[in-house]
Amino acid sequence: MKNKITHILIIAFILRLLLLLINNYVTILPQGDGDAIVMERNAFRFANSNDLNFSLIFSQGHYFLSYLGSLLYAIIGREPFIFGLIMVILGTLVVKKIYVASLLLWNNNKLAIKVAWFAALFPQFCLHSALILRETPINLFLILATISFIKYWKHANIKQLVWFVFYIIVATLFHSGVIFIFLGFLLFSIIGKKQNQRGKNKYLRKFLVPVIIVGSIIIVNYWGLGLNKFGGSFENISDQFNKMENFRSMGNSSYPSWMRITGGISDLWKIPIRYFAFLFSPLIPFLVKTPTHLIGLIDGFLYLLLFYRMNKNRRIINFNSAAKAILIMSLFLTLVFSLGVTNVGTAIRHRAKIAPMFLILFLPKNSTFNNNPNYHL
37 MKNKITHILI IAFILRLLLL LINNYVTILP QGDGDAIVME RNAFRFANSN DLNFSLIFSQ
97 GHYFLSYLGS LLYAIIGREP FIFGLIMVIL GTLVVKKIYV ASLLLWNNNK LAIKVAWFAA
157 LFPQFCLHSA LILRETPINL FLILATISFI KYWKHANIKQ LVWFVFYIIV ATLFHSGVIF
217 IFLGFLLFSI IGKKQNQRGK NKYLRKFLVP VIIVGSIIIV NYWGLGLNKF GGSFENISDQ
277 FNKMENFRSM GNSSYPSWMR ITGGISDLWK IPIRYFAFLF SPLIPFLVKT PTHLIGLIDG
337 FLYLLLFYRM NKNRRIINFN SAAKAILIMS LFLTLVFSLG VTNVGTAIRH RAKIAPMFLI
397 LFLPKNSTFN NNPNYHL
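Quick note on our numbering: the sequence shown kicks off at 37 and runs consecutively.
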């Protein structure tokens, strides 16, 4: 089995490297303009600046990756290919960690191999790994957080809970919305079944977890870490949301104006539509406006497949409390991101941030599981 995962990782690396070479030396890939170009240019600008505003860098997620790139440029000079190569390596590491997370969650190596293949060939993972975008670092820290969560949940290991919090905070430095996974965790703690909670487990999950999670949120809010999307703190979320909804997105990929949420309670019926559009667009007919949008259909169909399989195996997921927690946290993140997106292109990129959590819940047919809580990787 080790040979199989090694082969998968080699293929994943080669595929991502080829895309990087194409983007740098042949033609710009889809999503390779715009943010990807700006982030590389900002890295070069930061590397040559003697007056960096670190509070701005650590509060604005779209600057954080550029700042890390500037550290590289300060050593080797402006080498976009090397910067991109690091992204390729990180993208390949994401595939490996998705495999590890699936194996930890289901104790089934055959299933984990299938999930690893899916991750290695997943179009958006391949594309983002060849571009200088935030998605790949977010994928990495989100799946690392998920691995730590699974270990904590199975073995009541407080050290793993601390690592879970740490990885989420780092991911938040790249994008504000990731912090809401903590609220998803608290939501599961409230509505989840209180099974197998005895002794140390019961104490951790009933008392210590809420203290650690709420404390982490307070710290992030106090320092404004990555919270530029919310105006620098959670207190400004409502105002920032209204500004985004009132700003009309330009271009032919923007959502129709009737999908904007501007009327409070009277617009609640739009939330499920925004949720569906975020996950599966441009499968919705009125969102496909140009031939180039057809490329997004592949991505939308893959998410449709993921959710179809999760629905078919909902009893298995419900039986595994760690899997159920991951599902609730990922769906809560999806809700947050769906409310902050107003066009198809941004939806495709943003849902890719959460995709690692969905992938490890993907259960092919005829899978068998070892649900022994004492199983170790």
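Just so it is clear, CB atoms sit at the ideal spot from N, CA and C, and this is done for glycine as well.
Helix, strand or coil at residue i according to DSSP, with G and I counted as helix
{"i": "N347", "result": "helix"}
{"i": "S290", "result": "strand"}
{"i": "N354", "result": "helix"}
{"i": "L193", "result": "Checking the displayed sequence, the identity of residue 193 turns out to be Asn instead of Leu. Three-state result, N193: coil."}
{"i": "N39", "result": "helix"}
{"i": "N144", "result": "coil"}
{"i": "N379", "result": "strand"}
{"i": "H98", "result": "helix"}
{"i": "L54", "result": "helix"}
{"i": "V245", "result": "helix"}
{"i": "L397", "result": "coil"}
{"i": "I46", "result": "helix"}
{"i": "T298", "result": "coil"}
{"i": "W199", "result": "helix"}
{"i": "T63", "result": "coil"}
{"i": "D71", "result": "helix"}
{"i": "S374", "result": "helix"}
{"i": "E76", "result": "helix"}
{"i": "R385", "result": "helix"}
{"i": "P318", "result": "coil"}
{"i": "L219", "result": "helix"}
{"i": "T88", "result": "Looking at the sequence itself, residue 88 is Leu, so the reference to Thr does not match. Correct three-state label for L88: coil."}
Per-residue burial, residue i [other beta carbons within 10 Å of its own, 16 or more giving buried]
{"i": "W305", "result": "exposed"}
{"i": "F224", "result": "buried"}
{"i": "Y344", "result": "exposed"}
{"i": "N175", "result": "buried"}
{"i": "D87", "result": "exposed"}
{"i": "L107", "result": "exposed"}
{"i": "R385", "result": "buried"}
{"i": "G127", "result": "buried"}
{"i": "S252", "result": "buried"}
{"i": "W189", "result": "buried"}
{"i": "P400", "result": "exposed"}
{"i": "V250", "result": "exposed"}
{"i": "Y61", "result": "exposed"}
{"i": "E76", "result": "buried"}
{"i": "N462", "result": "Because the chain in this structure spans residues 37 to 413, residue 462 falls outside the shown range and cannot be described."}
{"i": "R81", "result": "exposed"}
{"i": "F158", "result": "buried"}
{"i": "P292", "result": "exposed"}
{"i": "F119", "result": "buried"}
{"i": "F161", "result": "buried"}
Inter-residue Cα distance where the pair is residue i and residue j
{"i": "K133", "j": "L57", "result": "25 Å"}
{"i": "L55", "j": "I122", "result": "13 Å"}
{"i": "L141", "j": "V198", "result": "19 Å"}
{"i": "I301", "j": "I307", "result": "11 Å"}
{"i": "I111", "j": "F177", "result": "25 Å"}
{"i": "L53", "j": "S357", "result": "38 Å"}
{"i": "H211", "j": "N347", "result": "29 Å"}
{"i": "I217", "j": "F368", "result": "7 Å"}
{"i": "A83", "j": "Y109", "result": "6 Å"}
{"i": "K195", "j": "P246", "result": "15 Å"}
{"i": "I41", "j": "S85", "result": "43 Å"}
{"i": "G415", "j": "F398", "result": "A question about residue 415 goes unanswered here, because the residues of the chain that appear run from 37 up to 413."}
{"i": "L363", "j": "M393", "result": "8 Å"}
{"i": "Y311", "j": "A181", "result": "24 Å"}
{"i": "F200", "j": "I248", "result": "11 Å"}
{"i": "I334", "j": "T382", "result": "16 Å"}
{"i": "I352", "j": "A359", "result": "9 Å"}
{"i": "L139", "j": "P66", "result": "33 Å"}
{"i": "T63", "j": "F355", "result": "48 Å"}
{"i": "L319", "j": "R387", "result": "14 Å"}
{"i": "T208", "j": "M365", "result": "15 Å"}
{"i": "F373", "j": "I215", "result": "11 Å"}
{"i": "G35", "j": "L244", "result": "Nothing about residue 35 can be read from this structure; the chain reaches only from 37 to 413."}
{"i": "D303", "j": "A391", "result": "28 Å"}
{"i": "V256", "j": "V131", "result": "29 Å"}
{"i": "I396", "j": "A79", "result": "33 Å"}
{"i": "F154", "j": "N145", "result": "14 Å"}
{"i": "I47", "j": "I227", "result": "41 Å"}
{"i": "A137", "j": "G213", "result": "22 Å"}
heavy atom of the ligand SAH below 7 Å from residue i C-beta
{"i": "L45", "result": "Ligands displayed in this structure: none; no statement on the ligand SAH is therefore possible."}
Practice problem: Take every Cβ of the region 370 to 379, pair it with every Cβ of the region 140 to 151, and state whether three or more of those distances are shorter than 8 Å. | Solution: no
Exercise. Examine the Cβ distances between the region 61 to 75 and the region 173 to 186 and report whether three or more of them are shorter than 8 Å.
Key: no
Quiz item: Is there contact here, the region 163 to 174 with the region 96 to 108, by at least three beta-carbon pairs under 8 Å?
Solution: yes
Quiz item: Are the region 308 to 322 and the region 339 to 356 touching, with three or more C-beta to C-beta distances below 8 Å?
Solution: yes
Quiz item: Unbroken alpha helix (DSSP H) runs of length 4 or more, entirely within the region 136 to 181: which are they?
Solution: 145 to 157, 159 to 165
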